[in-house]
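At position 208 of the sequence shown the residue is numbered 208 (UniProt numbering), and the sequence of numbers has no breaks.
Glycine residues also receive a C-beta, built at the ideal position from the N, C-alpha and C atoms.
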Amino acid sequence: MMPVRDPDTLQITSSPEAPLPKILIYGSDGREASTVRIGDRLTFRIQIPESTPYGIFARSCVAMAKDARSTFEIIDDHGCPVDNSIFPSFMENGNALESNYEAFRFTESYGVIFQCNVKYCIGKCEPVICTAGREEMASWGRKRRSAHYETDDEMTLSREILVLDFNDADAARSTMDQLNANESFYKESIANMDRCASRTSLMALSVISALLLVMYVCTVAYFTAHRRMKLPTKVTLR
């Protein structure tokens with residue numbers, strides 16, 4: 001006879017498939033940002049869907065120039081911020097990790113690429129305690145220490161954002177204004193050309209009509225005169 005085990009003693013070893021996390025960057029207005037200016041207040045967010053039993057932690061995060069010549073570490077291998085004044089520690093917000101920072105960029109590049117290594121843990125992840133001078137802070141950049149809560153897969157996520165200077169933004173607006181002015185001038189020129197073309201066409205049509213009328217009158221006169229010359233001369237018999 002096959003033994004029957006109490007359902008309460010059965011261990012569940014299978015886990016639901018983990019959803020793909022993603023990096024999002026939001027502006028101070030709460031909308032997703034793709035182009036910002038230096039000093040803008042932004043929210044860096046790593047998130048997964050709310051309806052999942054997993055938590056996430058992030059570590060080894062870097063900011064890179066788009067040409068990859070310059071790289072700056074913002075979160076170290078333990079999940080702690082390298083410079084809390086530039087990029088603060090991650091804080092847990094639901095199933096997401098967030099850090100509020102001010103937009104920065106590299107001298108040689110407007111494009112900034114953020115890259116983070118992200119891993120899952122089943123349930124909530126425990127924060128790591130980071131030290132900044134004499135202060136200690138929690139950062140959700142680390143998993144639970146128990147191997148029971150770890151997952152083996154680690155993903156590298158990246159996100160690019162365009163960071164402009166104030167002068168660059170003014171120059172961009174000036175360029176757009178110039179383009180709009182040129183477009184208005186072009187439309188006005190086309191309208192003037194159309195008006196000039198209409199007047200020229202009308203004058204040409206009038207001249208051609210007059211010439212055709214003169215040719216018609218001359219032709220009628222010619223055939224009338226030629227017909228009279230061919231009429232027979234009457235002879236009077238005596």
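DSSP state of Cys116 mapped onto helix, strand, coil: The residue you call residue 116 lines up with position 116 of the sequence shown. The answer is strand: DSSP assigns Cys116 an E or B state.
Check whether the region 110-117 touches the region 58-76, counting contact only when three or more Cβ pairs, one atom from each stretch, lie closer than 8 angstroms. yes
Leaving out the 5 sequence neighbours to the left and right, which residues in its chain are closer than 7 angstroms to Leu162 when beta-carbon positions are compared? On the sequence shown, residue 162 is found 162 positions in, with the first residue counted as 1. So the qualifying residues of the chain are Ser34, Thr35, Tyr110 and Gly111.
Can you tell me which residues form a DSSP beta bridge with Arg41? Residue mapping note: residue 41 aligns to position 41 of the sequence shown, counting from 1. Answer by DSSP bridge pairing, in chain order: Glu102.
Quick check: the Cα distance between Phe165 and Ile38, rounded to an integer number of angstroms? Along the sequence shown, read from residue 1 onward, the residue named residue 165 stands at position 165. Along the sequence shown, read from residue 1 onward, the residue named residue 38 stands at position 38. The displayed chain sequence assigns Asp, not Phe, to residue 165. If you take the alpha carbons of Asp165 and Ile38, they lie about 6 angstroms apart.
Restricting to Cα atoms, I'd like to know which of Arg159, Ile56 and Glu126 is closest to Ile23. Your numbering for residue 23 matches position 23 in the sequence shown. Checking every option, the nearest Cα to that of Ile23 belongs to Arg159.
DSSP beta-bridge partners for Asp224? Against the sequence shown, residue 224 aligns to sequence position 224. First, the amino acid is wrong: residue 224 is Thr here, not Asp. Answer is none; Thr224 lacks a bridge partner.
Alpha carbon to alpha carbon, what distance is there between Ser60 and Asp77? For this step, residue 77 is matched to residue 77 along the sequence shown. For this step, residue 60 is matched to residue 60 along the sequence shown. One C-alpha to the other measures close to 5 angstroms.
Which whole-angstrom value describes the C-beta separation of Ile46 and Ala96, a residue pair presumed to lie in contact below a C-beta threshold of 8 angstroms? As a first step, residue 46 must be located in the sequence shown, where it is residue number 46. As a first step, residue 96 must be located in the sequence shown, where it is residue number 96. Sure, about 6 angstroms apart at Cβ, within 8 angstroms.
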